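Below is one structure, written out as structure tokens, with a few remarks after it.
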Amino acid sequence: MPEEIQGDLLSAAGRFAIVVARWNELVTRLMLDGAIDTLHRHGVADDQITVVWVPGSFEIPIVADNLARSGNYAGVCCLGAVIQGETTHDQYINQQVAAGIMQAGRETGVPVTFGVLTCQNMEQAQDRAGGKAGNKGRDAALAAIEMANLMAKLRG
Numbered sequence: 008m009p010e011e012i013q014g015d016l017l018s019a020a021g022r023f024a025i026v027v028a029r030w031n032e033l034v035t036r037l038m039l040d041g042a043i044d045t046l047h048r049h050g051v052a053d054d055q056i057t058v059v060w061v062p063g064s065f066e067i068p069i070v071a072d073n074l075a076r077s078g079n080y081a082g083v084c085c086l087g088a089v090i091q092g093e094t095t096h097d098q099y100i101n102q103q104v105a106a107g108i109m110q111a112g113r114e115t116g117v118p119v120t121f122g123v124l125t126c127q128n129m130e131q132a133q134d135r136a137g138g139k140a141g142n143k144g145r146d147a148a149l150a151a152i153e154m155a156n157l158m159a160k161l162r163g
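Position one of the sequence shown corresponds to residue 8 (this note's numbering), numbered consecutively onward.
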């Protein structure tokens, strides 16, 4: 039988950073609360969590990259909310933010999780920030814990 390796959510070892966009703070604050609550429920104390606020989602990748490169964090959660407007501006932001977050994780080997909402309207965003569609901040924190544990196993 082949060896199977996977992360788990049994405990979260190490420090975690959360990069959160101030733009659409009504939504991102709820996502942040969900992420912090999730980290607490998995044994991460407040002194093991760093929250960094940035102006908007576009600024998330550079900060996430710097945090991952610091060597101080087992995982970095990225939280933001880009809501479609009358122009295609959101599409350019969404593409660059997603690519930048992926690049930060790929280049550093540190899990950098994607908790950036890409919604058509505020109602959709609120639904995903603790409403009827769950809390994507919580999901990003769970992914960070699981991936941090997986990376620790892979590194031996």
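We put the CB at the ideal spot given by N, CA and C, even for glycine.
Predicted, not measured: the structure shown is a model, and the values here were computed from it.
Keeping to the same chain, check which residues put their C-beta closer than 6 Å to that of T57; ignore five residues upstream and five downstream.
A24
When DSSP labels each residue in this structure, what does I25 get in the three-state scheme?
strand
Restricting to runs no shorter than 4 residues, where is the alpha helix (DSSP H) found entirely within the stretch 118-153?
129-134
Would you say the stretch 133-141 touches the stretch 97-113, given that touching needs at least three Cβ pairs under 8 Å?
no
With 8 Å as the threshold, decide whether the Cβ of T115 is near any Cβ in chain D.
The chain labelled as chain D is not found in the depicted structure, where only one protein chain is given.
Taking the alpha-carbon positions, what's the Y80 to V117 distance?
8 Å
What residues match up with L86 in a beta bridge as DSSP calls it?
V27, G122
Looking at the strands, I want to know which residues DSSP matches up with I56.
F23
Contact set for V51: own chain, Cβ-Cβ below 7 Å, skip 5 residues either direction:
A19, F23
If you run the structure through DSSP and keep just helix, strand and coil, what is V51?
coil
What span of residues does the alpha helix (DSSP H) with M109 cover, start to end?
96-115
Give me the Cα-Cα distance between Q131 and A106, rounded to the nearest whole angstrom.
23 Å
Judging by CA-CA distance, which residue of G63, L46, Q127 is the nearest neighbour of T94?
Q127
Please find out if some non-hydrogen atom of the ligand SAM comes closer than 7 Å to the beta-carbon of N142.
No copy of the ligand SAM appears in this structure; indeed no ligand is present at all.
Answer yes if the stretch 108-117 comes into contact with the stretch 65-79, meaning at least three C-beta pairs across the two stretches below 8 Å, and no otherwise.
yes
How many angstroms separate the CA atom of A147 from the CA atom of C85?
7 Å
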